[in-house]
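Read the structure below first, then the notes.
There are 2 protein chains.
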Amino acid sequence: MAAKYQTTHEVAYYECDVNQTMTFPAMLGIAIKTSEEQSAALNRGPEVIASYGLTWIITSYHITVTRLPRVGEQIQVATQAREYNKFFCYRYFWLLAEDGTELVKIEAVFALMDPETRKVSSVPDEIVAPFGSEKIKRIKRYPKITPITQGQFLPYRVRFYDIDSNQHVNNAMYFNWLMDVLGYEFLTKHEVTQVTIRFDREVAYGHLIESHFQINEKTVDEAGEAVPLQTIHEIKIGEDTYCEAIFTWREK
Amino acid sequence: MAAKYQTTHEVAYYECDVNQTMTFPAMLGIAIKTSEEQSAALNRGPEVIASYGLTWIITSYHITVTRLPRVGEQIQVATQAREYNKFFCYRYFWLLAEDGTELVKIEAVFALMDPETRKVSSVPDEIVAPFGSEKIKRIKRYPKITPITQGQFLPYRVRFYDIDSNQHVNNAMYFNWLMDVLGYEFLTKHEVTQVTIRFDREVAYGHLIESHFQINEKTVDEAGEAVPLQTIHEIKIGEDTYCEAIFTWREK
Numbered sequence: 001m002a003a004k005y006q007t008t009h010e011v012a013y014y015e016c017d018v019n020q021t022m023t024f025p026a027m028l029g030i031a032i033k034t035s036e037e038q039s040a041a042l043n044r045g046p047e048v049i050a051s052y053g054l055t056w057i058i059t060s061y062h063i064t065v066t067r068l069p070r071v072g073e074q075i076q077v078a079t080q081a082r083e084y085n086k087f088f089c090y091r092y093f094w095l096l097a098e099d100g101t102e103l104v105k106i107e108a109v110f111a112l113m114d115p116e117t118r119k120v121s122s123v124p125d126e127i128v129a130p131f132g133s134e135k136i137k138r139i140k141r142y143p144k145i146t147p148i149t150q151g152q153f154l155p156y157r158v159r160f161y162d163i164d165s166n167q168h169v170n171n172a173m174y175f176n177w178l179m180d181v182l183g184y185e186f187l188t189k190h191e192v193t194q195v196t197i198r199f200d201r202e203v204a205y206g207h208l209i210e211s212h213f214q215i216n217e218k219t220v221d222e223a224g225e226a227v228p229l230q231t232i233h234e235i236k237i238g239e240d241t242y243c244e245a246i247f248t249w250r251e252k
Numbered sequence: 001m002a003a004k005y006q007t008t009h010e011v012a013y014y015e016c017d018v019n020q021t022m023t024f025p026a027m028l029g030i031a032i033k034t035s036e037e038q039s040a041a042l043n044r045g046p047e048v049i050a051s052y053g054l055t056w057i058i059t060s061y062h063i064t065v066t067r068l069p070r071v072g073e074q075i076q077v078a079t080q081a082r083e084y085n086k087f088f089c090y091r092y093f094w095l096l097a098e099d100g101t102e103l104v105k106i107e108a109v110f111a112l113m114d115p116e117t118r119k120v121s122s123v124p125d126e127i128v129a130p131f132g133s134e135k136i137k138r139i140k141r142y143p144k145i146t147p148i149t150q151g152q153f154l155p156y157r158v159r160f161y162d163i164d165s166n167q168h169v170n171n172a173m174y175f176n177w178l179m180d181v182l183g184y185e186f187l188t189k190h191e192v193t194q195v196t197i198r199f200d201r202e203v204a205y206g207h208l209i210e211s212h213f214q215i216n217e218k219t220v221d222e223a224g225e226a227v228p229l230q231t232i233h234e235i236k237i238g239e240d241t242y243c244e245a246i247f248t249w250r251e252k
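Sequences listed follow chains A and B, in order.
So that you can map any letter, position 150 of the first sequence is 150 in the UniProt record's numbering, and since no number is skipped, the others follow by simple counting.
So that you can map any letter, position 122 of the second sequence is 122 in the UniProt record's numbering, and since no number is skipped, the others follow by simple counting.
Below, the structure is given as structure tokens:
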């Protein structure tokens with residue numbers, strides 16, 4: 001049984017947007033901090049990982065939102081490194097209300113990379129052992145991110161403050177570029193219910209990125225099933241895709 | 001004697017830049033949160049201020065940095081609303097190391113504005129009374145911000161995440177635009193020792209601002225005194241200046 005690690009957090013005004021609810025960069029920042037605390041407590045901090053010549057990277061998130069945490073709310077942040085296979089570690093995060101109700105669930109896919117060669121390494125059992133993660137054979141699949149067919153984009157320059165103390169662009173920052181293109185009207189009239197995001201390449205300081213998006217209005221499919229409002233996103237530099245995402249929304 | 005209010009804070013990795021030290025937006029965010037907590041504790045929260053038809057605005061900061069807080073450091077955040085005159089309230093913040101050593105001192109100038117008419121109001125004594133602030137006659141003066149004579153600029157669009165849960169652009173966000181123009185090389189080779197920043201107008205979502213700057217290399221003045229390296233900054237839209245700042249730096 002994987003070890004669970006839990007902290008509490010009071011949601012600050014500067015972690016929230018005009019909707020009075022927590023932003024994705026703030027939620028992911030707190031989630032990752034909690035996993036770093038667990039890793040340090042289990043003697044698997046960055047120095048230990050570095051002693052294997054490796055560093056953690058996050059390749060994707062799959063996020064389910066019941067309700068976003070609100071300004072001033074006391075939340076619990078729980079995490080568990082549940083499973084791993086040859087190349088991927090599956091870590092779960094939960095943001096919970098004070099009474100334990102689930103607000104947000106984040107499934108994160110981690111991999112280990114050699115920072116010199118930039119190559120992904122297989123996961124050494126000794127690194128994962130203290131977390132009590134279950135070794136599995138299969139590779140988990142998340143909702144498909146369909147390509148953009150009729151998109152628009154806005155350009156963004158990667159800023160000094162987009163690089164964090166870990167020396168690279170914090171991948172929570174991608175959400176600034178993904179969300180911003182949707183505009184004030186959209187972002188204040190809709191609530192996100194689900195996000196799948198995949199990080200393909202790492203953007204660096206000074207890069208000029210394009211944040212492409214397409215809005216797929218809610219509809220009914222051939223089988224008569226309701227298909228919710230979705231937005232598809234691609235962060236690109238020239239022809240290269242750095243990040244892809246699909247968001248599902250409901251009207252407020 | 002003005003009431004002092006103090007909290008503790010653990011510096012998170014996502015509050016720090018590549019220098020492993022806290023960013024200005026993170027420091028100011030935590031400072032303002034502490035003052036909001038003090039105000040709430042003294043029954044002077046935003047609803048009470050709103051009952052006078054008013055809201056707080058910050059017109060300037062004067063910041064003295066001995067050493068910036070580091071990733072993982074436990075700091076104390078103290079605040080005191082020390083003085084006020086007819087139109088301005090002078091609030092002090094201190095970020096202190098665990099042993100009480102002063103790391104950063106922030107003097108903030110607050111004013112009260114009618115959000116309908118956008119006019120600054122005189123400060124009602126009853127609003128300030130619980131803080132124990134001393135009433136003074138004089139207006140405090142901070143270092144002069146000399147105008148830019150030979151500048152360059154970069155443009156920035158005000159993003160959705162730049163507006164916080166208080167519905168306007170958090171003035172800590174101005175530091176993103178002020179710092180970013182100086183570039184990676186400058187920002188990793190120099191440490192800030194002093195900042196004076198004045199907010200003249202409020203930028204709004206969707207605005208395209210210009211972040212102008214001028215670097216004044218260290219020199220010796222006519223009297224033979226050493227003048228340190230300084231950068232002067234102006235946030236402009238067209239001919240209108242929204243914010244001015246002067247930073248003093250030392251080499252690392």
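Think of the CB as a built atom: it goes at the ideal place given N, C-alpha and C, for glycine as much as any other residue.
Would a check of beta-carbon distances place residue 184 of chain A closer than 8 Å to chain B? yes
Within the 8 Å Cβ cut-off, does residue 86 of chain A reach chain B? no
Out of curiosity, what's the CA-to-CA distance linking residue 204 of chain B and residue 168 of chain B? 7 Å
Check this for me: beta carbons of residue 133 of chain A and residue 84 of chain A, under 8 Å apart or not? yes
Report all residues from its chain with a CB closer than 7 Å to the CB of residue 164 of chain B; omit the five preceding and five following residues, and keep chain order. 170
How far does the beta strand (DSSP E) with residue 114 of chain B in it reach, from first residue to last? 102-114
Could you run through the segment 11-25 of chain B and flag, in chain order, every residue whose CB is less than 7 Å away from some CB of chain A? 12, 13, 14, 16, 17, 18, 20 and 23
Roughly how many whole angstroms lie between the Cα atoms of residue 39 of chain B and residue 45 of chain B? 5 Å
Hey, is residue 203 of chain B's beta-carbon within less than 8 Å of any beta-carbon in chain A? no
Give the interface partners of residue 163 of chain A over in chain B, defined as CB-CB distance under 9 Å, in chain order. 17, 18 and 184
Contacting residues, own chain, Cβ-Cβ under 6 Å from residue 75 of chain B (five flanking each side not counted): 9, 69 and 95
In whole angstroms, give me the CA-to-CA distance for residue 80 of chain A and residue 196 of chain A. 19 Å
Alpha carbon of residue 162 of chain A to alpha carbon of residue 186 of chain A, nearest angstrom: 24 Å
Run through the DSSP bridge pairs and tell me what residue 60 of chain A is partnered with. A/109 and A/198
Determine the extent of the beta strand (DSSP E) in which residue 166 of chain A is found, giving its start and end residues. Element bounds for residue 166 of chain A: n/a, residue is neither H nor E.
Would you mind telling me which residues of chain A sit closer than 7 Å to residue 176 of chain B, beta carbon to beta carbon, in chain order? 159 and 161
Using 8 Å as the limit for Cβ to Cβ distance, is residue 6 of chain B near chain A? no
With DSSP as the reference, label residue 25 of chain B as helix, strand or coil. helix
Check for me: the beta strand (DSSP E) holding residue 93 of chain B runs from which residue to which? 89-96
Cβ distance (whole Å) where residue 214 of chain A is taken to contact residue 232 of chain A below 8 Å: 5 Å
Can you check which of these residues, A/27, A/20, A/37 and A/21, is closest to residue 4 of chain A by C-alpha distance? A/37
Other residues of its chain near residue 154 of chain B: CB distance less than 6 Å, five sequence neighbours each side excluded: 181 and 211
In chain order, which beta strand (DSSP E) runs of at least 3 residues are fully inside the segment 165-247 of chain B? 190-199, 208-216 and 229-237
Does the beta carbon of residue 171 of chain A sit closer than 8 Å to a beta carbon anywhere in chain B? no
When burial is assigned at 16 or more other CB atoms within 10 Å of the CB, is residue 200 of chain B buried or exposed? exposed
By how many angstroms is the C-alpha of residue 149 of chain A removed from the C-alpha of residue 122 of chain A? 35 Å
What does residue 81 of chain A pair with, by DSSP beta-bridge criteria? A/91
Which residue's Cα is closest to the Cα of residue 42 of chain A: A/129, A/108 and A/20? A/129
8 Å Cβ cutoff, residue 33 of chain A in contact with chain B: yes
Thinking just about the alpha-carbon of each residue, which of A/14, A/244, A/87 and A/230 is nearest to the one in residue 29 of chain A? A/14
C-alpha gap between residue 31 of chain A and residue 172 of chain A, whole angstroms: 10 Å
Pop quiz: residue 59 of chain A and residue 2 of chain A are said to be a contact at Cβ under 8 Å. What is the actual Cβ separation, rounded to whole angstroms? Wrong, their Cβ atoms sit about 19 Å apart, outside the cutoff.
Contact set for residue 219 of chain A: own chain, Cβ-Cβ below 7 Å, skip 5 residues either direction: 227
Per-residue burial, residue 184 of chain A [other beta carbons within 10 Å of its own, 16 or more giving buried]: exposed
Is residue 117 of chain A helix, strand or coil by DSSP? coil
Measure the alpha-carbon distance for residue 92 of chain B versus residue 73 of chain A and round it to whole angstroms. 27 Å
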